Amino acid sequence: MVSGNWSGVSILLNDSFGYFDFYDTIYLYGGQPDIQIASLNDNPVKEIISTYVDTIIENIYIAVIYDFDKNNISYFSLETYEEGINMLSYGDFNGDGFNDIIVASNPWFFWGVLYNDGTGNFSLPVYYDTEFPIMDIAVGDINGDSIDDILFGGYHLEIHYGTPTGGFDYQFLDYYRGNVELFDLDFDGDLDIATNLAFGQTI
5 MVSGNWSGVS
15 ILLNDSFGYF
25 DFYDTIYLYG
35 GQPDIQIASL
45 NDNPVKEIIS
55 TYVDTIIENI
65 YIAVIYDFDK
75 NNISYFSLET
85 YEEGINMLSY
95 GDFNGDGFND
105 IIVASNPWFF
115 WGVLYNDGTG
125 NFSLPVYYDT
135 EFPIMDIAVG
145 DINGDSIDDI
155 LFGGYHLEIH
165 YGTPTGGFDY
175 QFLDYYRGNV
185 ELFDLDFDGD
195 LDIATNLAFG
205 QTI
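Start counting the sequence shown at 5; every next residue gets the next number (our numbering).
Below you can see the structure in the form of structure tokens.
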């Protein structure tokens, strides 16, 4: 189990019976917006993806804790500060076999991708503006081309299809959708969408 708290990232280990023991805390920055765990390199041990804010130079970074080693942390600039980042996710968006990182800002109407070079190092973010506040993100191979795609929920429900050259192909689906999930609901081998109204209870 990994959780964000006032000091950064806390790690609690399962004793195999559903009980957890505190393992360690890694100081990054209080108020972590999101935490993800993913394989980012060839090492089978997964990485912890979080954020770090430098208030002196006013910049936000992706913080990657490699291979469950609190002394092995790298920081990748997001080239933003006042706008803030409040959502993280990951997927292989260019089909090279390595997970990339996506970030999004709900109040400032933008999202971006940091591409993995295959060793767990990342490019500067490529940002995209939206016309709406993003409320939720789901990632999966929606069109069956072995490249992950991004589903955004919010005032728009829309898909951004990953491509082999980087960049995305866009499809608008609906208005005023909030939370989103991808799952093969009818067991036919492709991903379906479950979503709710952004301001209601209807699914």
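Note that CB positions come from ideal geometry on N, CA and C, so glycine has one too.
Since the structure is predicted, the reported quantities are computational estimates derived from the model, not experimental observations.
{"Asked": "Give the list of continuous beta strand (DSSP E) stretches no shorter than 3 residues that lie fully inside the stretch 31-97.", "Found": "40-42, 51-58, 63-69, 77-81 and 91-95"}
{"Asked": "Return the first residue and the last residue of the beta strand (DSSP E) that S14 is part of.", "Found": "G12 to N18"}
{"Asked": "For the stretch 59-74 against the stretch 93-100, do three or more pairs of beta-carbon atoms, one drawn from each stretch, fall closer than 8 Å, so that the two count as touching?", "Found": "no"}
{"Asked": "Just reading off the beta strand (DSSP E) that W115 is part of, what are its end residues?", "Found": "F114 to L118"}
{"Asked": "Among the candidates I15, D19, D25 and Y23, whose CA atom is the shortest distance from the CA of Y31?", "Found": "I15"}
{"Asked": "According to DSSP, simplified to helix, strand and coil, what is G166?", "Found": "strand"}
{"Asked": "If we count Cβ pairs, one from each stretch, closer than 8 Å, do we get three or more for the stretch 121-141 versus the stretch 65-82?", "Found": "yes"}
{"Asked": "Can you tell me whether E86 is buried or exposed? The criterion is at least 16 other CB atoms within 10 Å of its CB, across all chains shown.", "Found": "exposed"}
{"Asked": "Taking only runs that begin and end inside the stretch 175-207, name each unbroken beta strand (DSSP E) of 3 or more residues, in chain order.", "Found": "196-201"}
{"Asked": "First and last residue of the beta strand (DSSP E) that includes Y131?", "Found": "V130 to D133"}
{"Asked": "How should E162 be labelled, buried or exposed, when 16 other C-beta atoms within 10 angstroms of its C-beta is the threshold for buried?", "Found": "buried"}
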